[in-house]
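The structure appears right after this line, and notes come after that.
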Amino acid sequence: MSTIRTPRRRTGIAVAAAVTAAAALTGPVSYATPAAAEKPSPGAPGLGDPMFPLDGNGGYTVDRYLLDFDWQAPKTPFEASATIKATATQSLSRFNLDFGGNTLRAVTVDGKAAGTARDGDELTVTPKSPIAKGRAFTVKVTYTADPTQTRHRDDAIEDYGWIPTPDGTVVYPQPNGARLIFPANDHPSQRAPITFRITTPKDRTAVANGKLTSRKNVSGDRVRWTYDSEQPLSTQLVQLAVGKFTMVDSTGPGGLPLRDIVPDALVEPTAKYRKLTPAHLTWLEKKLGKYPFNRYGILVGDTDLAVALETQTLSLVPKADLLGTQVDAERNLVHELAHQWFGDSVALAGWSDLWVSEGHARFYERMYSEEHGGDSFEAAMKAAYKAHDQWRRDFGAPAEPTEPNLFKRMRYDGSALVLYALREKVGDATFQQIERAWITKYTGRTASTQDYIDLASKVSGQDLEGFLKPWLYGSKTPPMPGHPDWVVDPVT
Ligand SMILES: [Zn+2]
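As C-alpha cells, this is what we get:
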C-alpha cells in the first residue's frame, strides 16, 4: 500500500509481550509431518507469525476458493458462500478458518453438515469423520456477509475490510481483513487461485482480481459477473468491488490487456494520469523484466480513504490521488505497480518480510519520481538516514517490526534505505542483477528476508550477511557506504 502523507506517529506501544505470549500458545508451525498411522488431531489455529500468531491455519493447504456474493445495495447485508477446495497435510480431526464478522449460516465438509465453533476470528470446523492426510476435501461455508465491517489500524493502513462507496463497495484486505470478506487461510504466505461470482442489480458493475470470464443475466433484473484470478494470490491482495463503473480498456507494452475500472463520473477527470500506465510499465519492465501477470488495471476508489493498495492485477487507487499533482499521482501509481512484482508475484513468507515489498515499492517509486520532476532520491534517503535510529527505536528495525508499527515509515523510506545502502555497497550493475535474479527465482512463489540475503550474496559473489543483517535487524544504523558524511540523529 502507499500513502504519501506522513503516517501519524504513535507512542507507548506495549503489545510485543502479548504477541509473544500468543505465539507460545499457538504452538509450533504446522508443517510437521506426522507419521502415516498417526491418530487424527486438530489443525493448528494459526501459523505462528510473530506479528499475527493466529493468522493462517495448520493441517491443510487451500487449492482454490470459489466465492459467491449475492450483492444487493450499499451497506446492506447479503447472502454469500465460500467453497474451499483443500488438501489435508496431516490427519485432521478438525481444522480452522480465519473468519471475522458476518453471520454464519452453515458449514459442510464434502457435502455433510459439520460442527462449528467461533472464537474471535477463529472458525473451528469439525467434520463428521476425520480427514486422512493427503486427502482432498471441500468445505462450503454459507453466511450473510456484512459489507459495513471495517477495522482500523493506527499506521499507514488506516481503515481496512469492506469500505463502502456511495453506490457500492471496494475492499481493503491488507493486512488481515480478507476474513471479513470470506472465510480464509488468511496469511500472505498462503496463496491460492480464486473464482469470484458476484450477482448485482443490472445498474451496477462488479469487478475482482483477474479476468472477467462471464457476464450473464440471471433472474429478473440481476446480473452475474464471474472473475478468475488466473494466478494464485494471497488473501491480503484480493479485490472485489461493486459500483456504477465504466470499464476503460486499453493496451500496454507487448499487448498487455489494461482495464481501468472507474466510477462513471470520474472517467474524464482521472483520464490524464490513468493513461500513464503504459509508460510506467515500460519503465518498470526495463528495470525488472516482464510484468508478471496477464493483465493490469486501476480501480479508482470513490472513497475518502487516501490509501492506495496493490490488489493483484487491479490496484486500488483513491480518486484523490488521481485529481492532484502529477508528481504525487505518479508516485502512488508507480508504487502500486511495482508491488505487482514485489509483494504480489513474489509474495511475503511472513509479515516480518514486509520491508522487502514496501522497501522495493518505495525504492522504485522514488527512483521514477526523481526522473520525472519529483524530489531527489538521494536527498530523501539522506533524510531517512538521519531519522533511522529513531525509527529503529519507535517502529522496530526494517525486518523486525512490532505488530502495531508494521506499516510505519520504517517499512517505507526506512526499508528503501536498506536497498539504497546495498546498491552503494555492490554497485548499480550488480544491484540490478540481484533484483532481476530475485524476480526470476521467486516469481509466483513466497520468499523471505533470508532468501533475499542469500540471493544477494550469491549474485554479488560476496558474503553480504554481515553487511545486511545489521541494516535489517540492528538497533543502530550502520555507516552508509560511499557517504561518510551522512549522520544519524540521536534518538530522543
Ligand atoms: Zn506499498
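As numbered in mature numbering (1 follows the signal peptide of the UniProt record, and there is no 0), residues -32 to -1, 1 to 460 make up the sequence shown, in order.
Idealized CB from N, CA, C, for every residue including glycine.
Given the structure is predicted, the values throughout are model-derived calculations rather than measurements.
- prompt: Of the choices Q400, V386 and G102, whose alpha-carbon is the least far from that of L436?
  reply: Counted from its first residue, the sequence shown places residue 436 at position 468. Minimum Cα distance to L436 is reached at V386.
message: According to DSSP, simplified to helix, strand and coil, what is D31?
response: Mapped onto the sequence shown, residue 31 falls at position 63. D31: strand per DSSP, three-state reduction.
task: Can you tell me which of the three DSSP states G11 falls into?
output: As a working note, residue 11 is residue 43 in the sequence shown. Coil, per DSSP.
task: Tell me, please, whether the stretch 341 to 354 touches the stretch 424 to 443 by the rule of three or more beta-carbon pairs shorter than 8 Å.
output: In this structure the stretch 341 to 354 does not lie against the stretch 424 to 443, because fewer than three pairs of beta carbons, one per stretch, are closer than 8 Å.
task: Keeping to the same chain, check which residues put their C-beta closer than 6 Å to that of I266; ignore five residues upstream and five downstream.
output: Numbered from its first residue, the sequence shown carries residue 266 at position 298. D228, R242, S283 and V285, listed in sequence order.
task: Check each candidate in D362, P18, R413 and P449 and name the one with the smallest Cα separation from G395.
output: Reading the sequence shown from its first residue, position 427 is the one you call residue 395. Taking the Cα of G395 as reference, the smallest distance to any Cα among D362, P18, R413 and P449 is reached at P449.
message: Tell me whether S(-31), by its Cβ, gets closer than 7 Å to a heavy atom of ligand 1.
response: What you label residue -31 is simply residue 2 of the sequence shown in a count that begins at 1. Yes, the beta carbon of S(-31) sits closer than 7 Å to at least one heavy atom of ligand 1.
field: DSSP-derived helix/strand/coil call for M215
entry: Stepping through the sequence shown from its first residue, residue 215 is reached at position 247. DSSP places M215 in the strand class (E or B) of the three-state scheme.
message: Nearest by alpha-carbon distance to S9: which of F63, S218 and G16 is it?
response: Here residue 9 refers to the residue found at position 41 when the sequence shown is read from its first residue. The shortest CA-to-CA distance from S9 to any of F63, S218 and G16 is the one to F63.
message: Using only the alpha-carbon positions, how far apart do R404 and V75 sit?
response: Position 436 of the sequence shown, counting from 1, holds the residue named residue 404. Position 107 of the sequence shown, counting from 1, holds the residue named residue 75. CA-to-CA, the gap between R404 and V75 works out to about 45 Å.
field: Cβ pair G14, N25 closer than 8 Å
entry: Start at 1 with the first residue of the sequence shown, and residue 14 comes out as number 46. Start at 1 with the first residue of the sequence shown, and residue 25 comes out as number 57. Yes; because the gap between Cβ atoms is below 8 Å, this pair is in contact.
query: To which residues of the same chain is L423 closer than 8 Å at the C-beta, ignoring the five residues directly before and after it?
result: What you label residue 423 is simply residue 455 of the sequence shown in a count that begins at 1. Answer for L423: I402, A405, W406 and K409, listed in chain order.
Beta bridge counterpart(s) of residue 486 as assigned by DSSP: As shown, the chain starts at -32 and ends at 460. That puts residue 486 outside it, with no answer to give.
query: For the beta strand (DSSP E) that residue 461 lies in, which residues bound it at each end?
result: A query on residue 461 cannot be resolved here, the shown segment of the chain reaching from -32 to 460 and no further.
query: Given T219, which residues of its chain have a CB within under 7 Å of its CB, disregarding the five upstream and five downstream residues?
result: Position 251 of the sequence shown, counted from the first residue, corresponds to residue 219. Cβ neighbours of T219 beyond the five flanking positions: P225 and L226.
- prompt: When we look at the beta-carbon of P372 and count the other beta-carbons within 10 Å, is it buried (16 or more) or exposed?
  reply: To locate residue 372, count along the sequence shown from 1; it is residue 404. Counting of Cβ neighbours within 10 angstroms places P372 among the buried residues, the total reaching 16 or more.
task: Using the Cα positions of A306 and L316, report the straight-line distance between them to the nearest angstrom.
output: For the purposes of this step, residue 306 is taken as the residue at position 338 of the sequence shown. For the purposes of this step, residue 316 is taken as the residue at position 348 of the sequence shown. Going from the Cα of A306 to the Cα of L316 covers about 15 Å.
message: Looking at chain C, is there any beta carbon in it that lies within less than 8 Å of the beta carbon of G341?
response: The structure shown contains no chain C; it holds only a single protein chain.
query: Can you name the start and end residues of the beta strand (DSSP E) that N64 belongs to?
result: Stepping through the sequence shown from its first residue, residue 64 is reached at position 96. In the DSSP assignment, N64 falls within the unbroken beta strand (DSSP E) covering L60 to D66.
message: If you follow the beta strand (DSSP E) that A124 is in, where does it begin and where does it stop?
response: Working through the sequence shown from its first residue, we reach residue 124 at position 156. Secondary structure note for A124: it is in no beta strand (DSSP E), with a DSSP letter that is neither H nor E.
- request: Return helix, strand or coil for N373, following the three-state DSSP convention.
  value: The sequence position of residue 373 within the sequence shown is 405, counting from 1. DSSP places N373 in the helix class (H, G or I) of the three-state scheme.
A297 CB to nearest heavy atom of ligand 1 below 7 Å: In the sequence shown, residue 297 corresponds to position 329, counting from 1. Not one heavy atom of ligand 1 lies closer than 7 Å to the C-beta of A297.
- request: Please find out if some non-hydrogen atom of ligand 1 comes closer than 7 Å to the beta-carbon of residue 491.
  value: Any question about residue 491 goes unanswered here, given that the chain covers just -32 to 460.
field: Where I421 sits in the DSSP three-state scheme
entry: Your numbering for residue 421 matches position 453 in the sequence shown. The three-state reading of DSSP puts I421 in helix, counting H, G and I together.
- request: Report buried or exposed for D343, applying the criterion of at least 16 other Cβ atoms within 10 angstroms of its Cβ.
  value: Along the sequence shown, read from residue 1 onward, the residue named residue 343 stands at position 375. D343 is exposed by the Cβ-count criterion.
- prompt: Quick one: is the Cβ of E278 within less than 7 Å of any heavy atom of ligand 1?
  reply: In the sequence shown, counting from the first residue as 1, residue 278 sits at position 310. Ligand 1 approaches E278 closely enough that one of its heavy atoms is under 7 Å from the residue's Cβ.
task: Using the Cα positions of F399 and V230, report the straight-line distance between them to the nearest angstrom.
output: Along the sequence shown, one-based indexing puts residue 399 at 431. Along the sequence shown, one-based indexing puts residue 230 at 262. Each residue's CA atom was taken as its position, placing F399 and V230 some 37 Å apart.
message: Quick check on the burial criterion: 16 or more other C-beta atoms within 10 angstroms. Buried or exposed for P66?
response: Looking up residue 66 in the sequence shown gives position 98. Rather than Pro, the amino acid found at residue 66 in this sequence is Asp. Buried, by the Cβ-count rule.
task: Give a yes or no on whether the C-beta atoms belonging to L234 and D270 are separated by under 8 Å.
output: The residue given as residue 234 occupies position 266 in the sequence shown. The residue given as residue 270 occupies position 302 in the sequence shown. Yes, the Cβ-Cβ distance between L234 and D270 is below 8 Å.
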